[in-house]
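Trainee:
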Amino acid sequence: MFSKRLARILCVILFVLINIALLSISAKHLHRYTIVDRVVMAGIVPFQEGITRTMHFCESMWHHYFYLVAVREECDRLKGMLAGAQMEKSRYLESELACQRLRKLLEMKSEVPHRMLPARVVGLDPSGWFKTVFINKGTGDGVSNGMAVIASGGIVGRVIGASGRYAKVLLIIDRSSAIDALVQRTRSRGIVEGETSESCRFKYIVRKADIKIEDTVISSGLDGLFPKGLRVGAISEISRPSSGLFQEVKVRPFVDFTRLEEVLVILE
Amino acid sequence: MMKVSCLYFMVGLSAVVAQTTILRIPLFHAVFYDLLIPLVVFLSLNLPDKKGVLVVLILGLIMDLLSGGIFGLYLSIYFWIFLWVKSVSKYFDVCDTIFQSVLIGVCVFGQHLIFCISVAAPSQLLAAQTGSVLLQTIFAALTGPGILMLLGRLQTRFETHSSGTEREIGNYVIR
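Each protein sequence line maps, in turn, to chains A and B. Sequence positions in the first sequence follow our numbering and run 1 to 268. Sequence positions in the second sequence follow our numbering and run 269 to 443.
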């Protein structure tokens with residue numbers, strides 16, 4: 001009566017309807033936990049767990065051991081970067097310090113009404129007994145013998161020899177150096193002579209002269225070498241011997257000669 | 269032999285540059301002595317009179333030009349060390365390390381003594397320098413023989429290299 005084709009179609013429709021009906025019934029009993037569920041769970045989940053644990057183990061191995069090679073490489077790279085950054089920081093710090101020193105020199109340059117030439121200290125005296133330094137400016141730059149050399153703190157010394165590109169400067173702390181100077185507060189005159197690396201002698205200060213510790217000593221300008229008013233140092237020690245015409249006075253130079261790097265040569 | 273003189277002249281110049289720059293920083297200043305003294309001692313012991321004295325005088329002249337002291341001071345000191353060591357070496361075994369040590373120590377101390385006299389150092393300066401002088405003398409006595417040995421090896425190597433053969437260099441006292 002029915003063709004085979006029609007019978008198949010009817011069967012499919014029937015199955016679909018049965019399926020929908022079953023799904024509807026199942027939907028009504030949602031989350032129902034049957035024995036089948038338990039069996040399946042008991043049979044399958046341990047394997048799942050095993051596989052998952054293995055995967056985690058492998059993942060952990062990878063991250064904690066094999067992947068550490070990459071971490072090590074990254075660590076080395078970061079260490080290199082850190083060292084580079086520290087070097088750079090050191091360079092910046094050095095530049096900043098140089099900037100501060102040069103700023104002080106510039107301030108000094110604007111205070112002293114003379115034509116000045118900046119120079120860098122490039123060498124020191126080979127012996128500890130004599131106090132000279134070499135600067136990187138010479139006759140080619142207009143430097144000649146007798147010119148005064150100053151730094152941000154005060155007087156450094158005078159040029160005692162110059163070649164085309166370099167000059168030798170006798171520091172005020174050398175035994176053979178002498179500056180005509182006066183005490184800024186009382187105008188008492190004397191001669192500042194080199195003694196040791198830390199102090200100079202302030203000679204020919206008469207006994208009655210009023211001077212105190214920490215009084216500033218400046219150049220008098222009468223020696224024809226150093227312009228008047230340049231700072232030399234501060235009085236650090238005064239003694240009045242029972243006999244004699246003069247006081248024994250020591251002056252601590254304002255310039256730190258152990259850290260002398262940049263100076264100014266007074267060209268006029 | 270001219271090459272050897274040039275070699276020592278270059279070594280001396282390097283020492284001069286080092287001790288007017290890096291060795292003058294406060295860290296080394298108190299300890300490092302005049303490095304040309306072991307060189308002068310070595311030249312006195314190993315080079316013929318004329319060649320040796322020529323190198324010594326040139327190096328002394330350079331040091332005098334760089335120094336703020338009396339001109340001719342270094343030149344005189346090196347010259348007299350050269351002559352003194354030459355005469356002393358006739359009576360003592362110059363290969364003996366203790367002798368070399370004493371020799372260099374005495375030379376360094378003598379140099380300081382002459383400097384001290386030349387600047388007419390007052391008591392304050394003397395007091396400031398005494399520690400440094402003693403340290404330098406001791407350091408010179410300790411390291412001087414080593415420097416002499418290095419210079420001897422340098423000369424042997426230089427001679428071997430310049431002759432192009434592995435022949436034995438037999439004329440040098442210190443190797």
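Just so it is clear, CB atoms sit at the ideal spot from N, CA and C, and this is done for glycine as well. Values in this document were obtained by computation on a predicted structure and should not be read as measured data.
Which residues of the stretch 240-264 of chain A have a Cβ closer than 7 angstroms to any Cβ of chain B? Give them in chain order.
Mentor: Within the stretch 240-264 of chain A, the qualifying residues are Thr258.
Trainee: Which residues in the same chain have their Cβ closer than 7 angstroms to the Cβ of B:Lys271, if we skip the five residues on either side of it in sequence?
Mentor: Result list for B:Lys271: Ser430, in chain order.
Trainee: Taking C-alpha atoms, which residue in B:Met417, B:Gly378, B:Leu418 lies nearest to B:Ile406?
Mentor: Taking only the C-alpha atoms, the option nearest B:Ile406 is B:Gly378.
Trainee: Buried or exposed for A:Val206, please, with buried defined as at least 16 other CB atoms from any protein chain shown within 10 angstroms of its CB.
Mentor: Result: exposed.
Trainee: In its own chain, which residues sit with a C-beta less than 6 angstroms from the C-beta of B:Ile437, not counting the 5 before and 5 after it?
Mentor: Note that B:Ile437 has pLDDT 45, beneath the 50 cutoff, so the model's placement of it is unreliable and the number below is only indicative. Cβ neighbours of B:Ile437 beyond the five flanking positions: Thr424, Glu427.
Trainee: On the premise that A:Lys137 lies in contact with A:Ala167, defined as a C-beta separation below 8 angstroms, what is that separation, rounded to the nearest angstrom?
Mentor: Their Cβ separation, rounded to whole angstroms, is 6 angstroms, which keeps A:Ala167 and A:Lys137 in contact under 8 angstroms.
Trainee: Report yes or no: do the stretch 239-248 of chain A and the stretch 204-221 of chain A share at least 3 C-beta pairs separated by less than 8 angstroms?
Mentor: Touching, yes.
Trainee: Shorter than 7 angstroms from the beta carbon of A:Glu94 to some beta carbon of chain B?
Mentor: No, A:Glu94 lies away from the interface with chain B (no Cβ there is under 7 angstroms from its Cβ).
Trainee: I believe A:Ala148 touches A:Leu225 by the beta-carbon criterion, under 8 angstroms. Please report the beta-carbon distance rounded to the nearest angstrom.
Mentor: That belief holds up - the Cβ atoms of A:Ala148 and A:Leu225 are roughly 6 angstroms apart, short of 8 angstroms.
Trainee: Just checking, does the stretch 363-381 of chain B make contact with the stretch 153-171 of chain A on the three C-beta pairs under 8 angstroms criterion?
Mentor: The answer is no - the stretch 153-171 of chain A does not touch the stretch 363-381 of chain B, with fewer than three Cβ pairs under 8 angstroms.
Trainee: If you drop the 5 nearest sequence neighbours on each side, which residues of the same chain put their C-beta closer than 7 angstroms to that of A:Asn145?
Mentor: For A:Asn145, where only same-chain residues beyond five positions count, the Cβ hits under 7 angstroms are Val159, Ile160, Gly161, Ala162.
Trainee: According to DSSP, is A:Ser239 helix, strand or coil?
Mentor: Strand at A:Ser239.
Trainee: Less than 7 angstroms between the beta carbons of B:Val324 and B:Tyr276, yes or no?
Mentor: Cβ distance not < 7 angstroms, so B:Val324 and B:Tyr276 don't count as in contact.
Trainee: Can you tell me which of A:Ser236, A:Val121, A:Gly229 puts its alpha carbon nearest to the alpha carbon of A:Glu111?
Mentor: Among A:Ser236, A:Val121, A:Gly229, the Cα nearest to that of A:Glu111 is on A:Gly229.
Trainee: Please decide whether A:Ser127 counts as near chain B, where near means a Cβ-Cβ distance under 7 angstroms.
Mentor: A:Ser127 counts as touching chain B.
Trainee: Please confirm whether A:Phe130 and B:Gly280 have their CB atoms less than 7 angstroms apart.
Mentor: No, Cβ-Cβ distance for A:Phe130 and B:Gly280 is not below 7 angstroms.
Trainee: Please specify which runs of the alpha helix (DSSP H), each continuous and at least 4 residues long, are wholly inside the stretch 34-88 of chain A, giving them in chain order.
Mentor: With a minimum length of 4 residues, the continuous alpha helix (DSSP H) runs that stay inside the stretch 34-88 of chain A are 35-61.
Trainee: Would you mind stating whether A:Gly194 and A:Lys203 have Cβ atoms separated by less than 7 angstroms?
Mentor: Going by C-beta atoms, A:Gly194 is not nearer than 7 angstroms to A:Lys203.
Trainee: What is the DSSP secondary structure of A:Lys4, reduced to helix, strand or coil?
Mentor: Reduced to three states, the DSSP call for A:Lys4 is helix.
Trainee: Going by DSSP in three states, B:Phe377 sits in which element: helix, strand or coil?
Mentor: B:Phe377: helix per DSSP, three-state reduction.
Trainee: Quick check: is the beta carbon of A:Lys79 nearer than 7 angstroms to any beta carbon in chain B?
Mentor: A:Lys79 does not count as touching chain B.
Trainee: Rank A:Val39, A:Leu106, A:Phe15, A:Glu74 by C-alpha distance to the C-alpha of A:Ile117 and give the top, closest one.
Mentor: It should be noted that the sequence gives Leu, not Ile, for residue 117 of chain A. When only C-alpha atoms are compared, the closest one is A:Leu106.
Trainee: Between the Cα of B:Ile305 and the Cα atoms of B:Arg421, B:Ala395, B:Gln404, which residue gives the shortest distance?
Mentor: It is B:Gln404.
Trainee: Excluding five sequence neighbours on each side, which residues of the same chain lie with their C-beta closer than 8 angstroms to the C-beta of B:Leu291?
Mentor: Within the same chain, B:Leu291 has close Cβ partners His297, Phe300, Leu303.
Trainee: By alpha-carbon positions, which one of A:Gln48, A:Gly50, A:Leu17, A:Leu267 ends up nearest to A:Gly140?
Mentor: It is A:Leu267 whose Cα lies nearest to the Cα of A:Gly140.
Trainee: Excluding the 5 residues preceding and the 5 following B:Val356 in the sequence, name in chain order all residues of the same chain whose CB lies nearer than 8 angstroms to its CB.
Mentor: Hits under 8 angstroms: Leu371.
Trainee: With distances taken from CA atoms, which of A:Gly123, A:Tyr65, A:Pro227, A:His63 is nearest B:Thr288?
Mentor: Checking every option, the nearest Cα to that of B:Thr288 belongs to A:Gly123.
Trainee: Straight-line CA distance for B:Leu343 to B:Val374?
Mentor: Cα to Cα, the separation comes out at about 18 angstroms.
Trainee: By the 7 angstroms beta-carbon criterion, what residues does the stretch 405-432 of chain B contribute toward chain A?
Mentor: Cβ contacts with chain A: none found.
Trainee: Give, in chain order, every residue of the stretch 113-140 of chain A whose Cβ lies closer than 7 angstroms to some Cβ of chain B.
Mentor: The residues in question are Gly123, Leu124, Asp125, Pro126, Ser127, Gly128, Trp129, Phe130, Lys131, Thr132.
Trainee: For A:Thr196, count the other beta carbons within 10 Å of its own beta carbon; 16 or more makes it buried, fewer makes it exposed. Which is it?
Mentor: Per the 10 Å Cβ criterion, buried.
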